[in-house]
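Below is one structure; the comments refer to it alone.
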Amino acid sequence: MIKTKARNKWPHRIQKAMGLMLLVCALLPVQTSPALTQTAPATLPEQPADETYLAPVVIDGDTLFVVRGSSALPAVERAEKVQQRIIAAAERSDVKWVKIDILDNEFGQEIEVDGRMVTITTQADAEHEDLELEVLAGLQSEAIETAILTYRDNRSGAARVGSALAALGWTLGFAVITFAFVRKRKTLIAYAAGLIEKRSANLEQATKSLVRSNAIVAILSYLLNILLWIGYLTLFYYYLSFVLLAFAETQAFAELLLANVSRPMMSVLRGFVAYIPNLITLTIIAFMTRFAIQRIKLFFNNVENDTFDLGEFEKHWIAPTFFLSKMLVILLALVFAYPYIPGSDSRAFQGMTILAGIMLSLGSNTVVSNMMAGLFVIYRRSTNIGDRIQVGDKVGDVVEIKLMETLLKSVKNEMISIPNAQLLNSEVVNYSRQIDGKGLLVHTTVGIGYEEPPKKVIAMLIEAAHRTDGLKKRPTPFVLWTQLADYAINYEINAYTSRGSSLPQIKSDLHENIVDVFHENGTQIMTPSYIADPATPKIPDAPWNGELKVTENTKVRSGKKGAAE
């Protein structure tokens, strides 16, 4: 038989309420567990009858010990019966001592309180705890004794007064917070809005009224109001939890409230604290990556400024090479950082990574092909920025070569975007690239009747080429007979030029000079064909003097008084 007298001390529930308040304020884990009270015993999850299943015995939120179940008596049912017997023993008397007996039983060690059986410690329980049966029974009896004395102490008159005082203190404190919130919330928002308005005035001036300061103030004031309400409701949540925690009968509900918010919050905080070493590692990797990219950028800046000579390394290679180097450094950093990313070892994260890879591989074939083609276009030296090229029926000067596309400026000053995959798979004519030093061969064809002496025609075509600016005198222009047509001989004049970017203007000047030379020498161009010889040659009688005859209707249409003059 064991008799114990409870010691005089501060009521247990008040101590627990104050302790929980301090723990929450210090952002430490809140220790909560399912609670049992006189009117609301703890509800344990239903489980199948299994000899190996364990269930805790909980009194007023404190776990005393665990019991094992059997096929005849599941662990949950056994734990509930023990809880009910302990509560019944605690309510039978309000004395400050407990009489506990430990007796031998055919099933193990029977624990009695005031002559009534509460539980039987079985050999299976002892094997689970890896203790001797007598030792485990003694420990369980001490736990039962403490629970009964605490149960009675928490429901004594002094405890009721202490709980009421604690609840009153929480209420007064929250009333002060509520008063300050109601009276000062709008004042605080107005003060913050004034500060924001002063700062946003400069932004409005810098953006030339594109960003209105009034809109910024309204949005930020609204967000501040929401944050204040969230803070107030959070304080109300904990106020209600601590008031309920002050009373033994409502402690189960209080711990349920705390468990629903505080436990997940504390789990997040504990996870964050545990993640700090990995966060430091990721910070170091990010710092080293940034440092490496800065050094690479500095190197290519020196190459661009001719500080470093890389031989045949062309200037337009600098930007794409820097981009590729930067991407390589970032990819290496991601490989090293992957094991330290939160959740990287979880199946969900791995599945998401696989899904992202599949989506990228299925949806980016064109993108990848254009990027790879862009690399070939950039580094194969066949096309450079400033070259005049022809791709299909598009002719223009290369303005920029990107990874995905190449931009051309046409002779009509149009911007043409050609995908690099098309540029790589198409025939590209480069009018700016010289192969043997002679230059680009400009040519055009005219048809002249058989009655004209071919040597005269050849001489006229060569004279027209000599008159054309941009065509070289050396090598000498030459003429080819391209076809003996039905009504004319097709002559092709060929001349070299080193000004490929001016090819349209050169051809236009060549055509003009051909017409002038042929007219000067009384020769009619028969292209494309004719039915009969005209009575007179189709050439001008006299050269034009540069003056236009302007009629009265022309003056009216022009709308200018001096049009005739």
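In my numbering, the protein residues as written are 493 to 1057.
From the three backbone atoms N, C-alpha and C, an ideal C-beta is built for every residue, glycine too.
The beta carbon of Ala-581 lies closer than 7 Å to those of Val-605, Asp-606, Arg-608, Val-610 and Ile-640 in the same chain, with the five residues before and after it left out. When secondary structure is reduced to three states using DSSP, Arg-787 falls in the helix class. Less than 8 Å divides the Cβ of Thr-613 from the Cβ of Ala-629. Under the three-state reduction of DSSP, Ile-877 is assigned to coil, being neither helix nor strand. The C-beta distance from Phe-666 to Leu-727 rounds to 7 Å, short enough to fall under 8 Å. Within the same chain, no residue comes within 6 Å of Glu-1012 by CB-CB distance, once the 5 residues on both sides are set aside. Across the structure, Gly-763 and Pro-834 are spaced so that their CA atoms are roughly 10 Å apart.
Met-907: not part of any alpha helix (DSSP H); member of the beta strand (DSSP E) spanning 907-911, first to last residue. Per DSSP, Lys-901 is one residue of the beta strand (DSSP E) stretching across 897-902. Within 10 angstroms of the beta-carbon of Asn-1005 lie 16 or more other beta-carbons, which makes it buried. DSSP places Pro-996 in the uninterrupted alpha helix (DSSP H) bounded by 995-1012. According to the DSSP assignment, Gly-630 belongs to the alpha helix (DSSP H) that extends over 625-646. In this structure, Ser-733 is the residue among Ser-733, Ala-567 and Gly-649 with its C-alpha nearest to the C-alpha of Ala-659.
Rounded to the nearest angstrom, the Cβ distance from Ile-551 to Gln-575 is 6 Å, consistent with a contact under 8 Å. Here the segment 955-966 does not lie against the segment 911-920, with fewer than 3 beta-carbon pairs under 8 Å apart.
Setting aside the 5 residues that flank it on each side, Tyr-767 is surrounded in the same chain by Pro-834, each with a C-beta closer than 8 Å to its C-beta; the list follows chain order. Two segments are said to touch when three or more pairs of C-beta atoms, one from each, lie closer than 8 Å; by this definition the segment 562-570 does not touch the segment 589-603. Counting the other Cβ atoms within 10 Å of the Cβ of Thr-937 gives fewer than 16, which makes it exposed. Annotation for Thr-663: Tyr-731 and Val-735 place their beta carbon closer than 8 Å to its own, counting only its chain and skipping 5 residues before and after.
Contact check for Phe-557 and Gln-632: beta-carbon distance about 5 Å, within the 8 Å limit, so the pair qualifies. Looking at the backbone, the Cα of Ala-778 and that of Ala-825 are separated by about 7 Å. Between the segment 877-885 and the segment 902-919 there are three or more inter-stretch CB-CB distances shorter than 8 Å, so the stretches are counted as touching. Annotation: Asn-876 to Leu-953 spans about 34 Å, alpha carbon to alpha carbon.
Counting only the Cα atoms, Ala-784 lies some 17 Å from Val-795.
Going by DSSP, Asp-617 is part of the alpha helix (DSSP H) stretching over 615-621. Inclusion of Glu-944 and Thr-1015 in the CB contact set at 8 Å is warranted, their separation being smaller than that value.
Contact between Ser-713 and Ala-684 holds: CB atoms are separated by about 7 Å, below the 8 Å threshold. Taking the Cα positions, Asp-889 is about 15 Å away from Gln-997. If you look at Leu-824, you'll find it in the alpha helix (DSSP H) that goes 810-829.
For Val-568, the enclosing alpha helix (DSSP H) stretches over residues 567-583. Shown here, Gln-1016 sits in coil according to DSSP, grouped into three states, outside any helix or strand.
Distance check between Gly-654 and each of Gln-786, Val-753, Phe-739 and Asp-617 places Phe-739 closest, using alpha-carbon atoms only. In the three-state reduction of the DSSP assignment, Thr-937 falls in the strand class, which pools E and B. At a Cβ-Cβ threshold of 8 Å, Leu-995 and Ala-957 do not count as neighbours.
Scanning the segment 715-752 for uninterrupted beta strand (DSSP E) segments of 3 residues or longer gives nothing; none is fully contained. Excluding its 5 nearest sequence neighbours in each direction, Phe-1010 has C-beta neighbours in its own chain below 7 Å: Met-952 and Ile-1017, listed in chain order.
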